[in-house]
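K.L.:
Quick one: the structure is below, questions incoming.
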Amino acid sequence: MQYDPNRPIWLQVMTDLQTEIATGKRAPGSKLPGGRDLAMTYSINPNTAARVYQELEKEGLCETRRGLGTFVTENEQHIVSLREGMARQAVRDFLERMAVLGISPEQAVEMIRKQED
Amino acid sequence: MLESRSITKKFGSKTAVDQVTVRFEPGHIYAVLGPNGSGKTTWMKMAAGLIKPTSGEVLFDGKPVNIESRKHIAYMSTEPYFYTWMTARDVGRYYEDFFEDFSYATYKRLLERMELTEDMKTSALSSGMMAKLKIAVTLARDAMVYMLDEPFNGIDLLARDEIRQTILERADESKVLLLSSHLVEEMEAIADKAVFIRKGQLVDQVDLEQLRTEKGISMADRYREIYGHEGAQA
Chain A
27 MQYDPNRPIW
37 LQVMTDLQTE
47 IATGKRAPGS
57 KLPGGRDLAM
67 TYSINPNTAA
77 RVYQELEKEG
87 LCETRRGLGT
97 FVTENEQHIV
107 SLREGMARQA
117 VRDFLERMAV
127 LGISPEQAVE
137 MIRKQED
Chain B
1355 MLESRSITKK
1365 FGSKTAVDQV
1375 TVRFEPGHIY
1385 AVLGPNGSGK
1395 TTWMKMAAGL
1405 IKPTSGEVLF
1415 DGKPVNIESR
1425 KHIAYMSTEP
1435 YFYTWMTARD
1445 VGRYYEDFFE
1455 DFSYATYKRL
1465 LERMELTEDM
1475 KTSALSSGMM
1485 AKLKIAVTLA
1495 RDAMVYMLDE
1505 PFNGIDLLAR
1515 DEIRQTILER
1525 ADESKVLLLS
1535 SHLVEEMEAI
1545 ADKAVFIRKG
1555 QLVDQVDLEQ
1565 LRTEKGISMA
1575 DRYREIYGHE
1585 GAQA
């Protein structure tokens, strides 16, 4: 994975894992790699990897069971709201780029409709 | 765990390291940064107990570094240091004799991972292969402190990935890792702390994720801020 070195690395890895959880690539209740393995997989500092899990846990997206490891939450509601949150963010980003081009949200919606036909 | 207290090294009238006080804690990977000639290597050699400071002291676990502490500090210098007749196997045996914490099994695994074989002659290695061999033999020790001087120099892109992986595999909460390199971008994601040395003096120490969060800049950006045009000259 290529990182933007100007933004916190933990945030970038977290977003990547969130996408995998939101899309079901990592199923509810499935085991996540251990901190060290996560560090190796993403080629990141082990402390950064630990931070990723702390933050995911804060968001209720994973839980650590003592002695067993870290697992994706089984709470489907958390995953649904994660996906919705990410989708809303994608819309905001999109509208922001459209605004830069001088295109209003209404015009943007119109363009999407035409694209679909 | 490892600290230098106001250490200075003079070579004749030239001051290579000027009153550097710095402390390294286990569980972190530090990038030691500075342009060529800034004093990084001299500082590392003193920290490894290979050369003596003109003044000041280096403490390892609270005690001055000496022959004894070399058992716990694995240092990889930039100079080649194998006899030309040696094969990779000989290099491993040599280290095995020298360091109690050396594991030949780990060494063998690291060689394999970096696509080197035991029967390769060191005199026949390309610079990239030699660099990998040095990393393998240094990281096959189970030391408390690892100091790698320029681990990415002269190494192609793919081999750099392998070296990063190997370094990460060695890192844990009980160990201190110091990586000195002017290839700053190579260390952005694997280091969590950085120290900046300029003209023999310690000028800054930062937590990298904090730097990104609070200032929105990378380690390379901070490097440019500190060294400006003088970095480009080196």
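Heads up: the protein sequence lines correspond to chains A and B, in order. If you read the first sequence in this note's numbering, its first letter stands for residue 27, the second for the next number, and so on. If you read the second sequence in this note's numbering, its first letter stands for residue 1355, the second for the next number, and so on. Glycine is no exception: its CB is placed at the ideal position from the N, C-alpha and C atoms. Treat the numbers as computed from the prediction; the structure is a model and nothing was measured.
Any chance the CB of B:Tyr-1577 is under 8 Å from a heavy atom of the ligand GDP?
P.N.:
This structure lacks the ligand GDP, and indeed carries no ligand of any kind.
K.L.:
How many angstroms separate the CA atom of B:Met-1501 from the CA atom of B:Ser-1534?
P.N.:
8 Å
K.L.:
Shorter than 9 Å from the beta carbon of B:Ile-1489 to some beta carbon of chain A?
P.N.:
no
K.L.:
Flag A:Ala-65 as yes if its beta-carbon sits less than 9 Å from any beta-carbon of chain B, otherwise no.
P.N.:
yes
K.L.:
Starting from the C-beta of B:Ala-1494, find all residues in its chain whose C-beta is less than 8 Å away, skip the five residues before and the five after it, and write them out in chain order.
P.N.:
For B:Ala-1494, where only same-chain residues beyond five positions count, the Cβ hits under 8 Å are Gly-1446, Tyr-1449, Phe-1456, Ser-1457, Tyr-1458, Thr-1460, Tyr-1461 and Leu-1464.
K.L.:
Since B:Tyr-1437 is in the alpha helix (DSSP H), which residue starts that stretch and which ends it?
P.N.:
B:Tyr-1437 -> no alpha helix (DSSP H), and no H or E assigned at all.
K.L.:
Can you tell me whether B:Ala-1478 is buried or exposed? The criterion is at least 16 other CB atoms within 10 Å of its CB, across all chains shown.
P.N.:
exposed
K.L.:
Could you tell me whether the region 30-37 of chain A touches the region 1565-1574 of chain B, using the rule of 3 or more Cβ pairs below 8 Å?
P.N.:
yes
K.L.:
Determine, using beta carbons only, whether B:Ile-1580 comes closer than 9 Å to chain A.
P.N.:
no
K.L.:
Measure how close the beta-carbons of B:Gly-1393 and B:Ile-1551 come, nearest whole angstrom, since I'm counting them as under 8 Å.
P.N.:
Confirmed, about 5 Å.
K.L.:
What is the DSSP secondary structure of A:Met-40, counted as helix, strand or coil?
P.N.:
The three-state reading of DSSP puts A:Met-40 in helix, counting H, G and I together.
K.L.:
Establish whether the CB of A:Thr-74 and some CB of chain B are separated by less than 9 Å.
P.N.:
Chain B contact via Cβ: present.
K.L.:
Would B:Leu-1404 and B:Glu-1357 be called neighbours here (beta carbons separated by less than 9 Å)?
P.N.:
Taking 9 Å as the cut-off, the beta carbon of B:Leu-1404 is found no closer than this to the beta carbon of B:Glu-1357.
K.L.:
Would you say A:Asn-32 reaches chain B, if we count a Cβ-Cβ gap shorter than 9 Å as a contact?
P.N.:
yes
K.L.:
Who are the neighbours of A:Tyr-29 on chain B, taking C-beta pairs under 8 Å?
P.N.:
Glu-1542 and Ala-1543
K.L.:
Assign A:Met-130 to one of three DSSP states: helix, strand, or coil.
P.N.:
Residue identity differs from the one stated: residue 130 of chain A is Ser in this sequence, not Met. When DSSP states are grouped into helix, strand and coil, A:Ser-130 belongs to the coil group.
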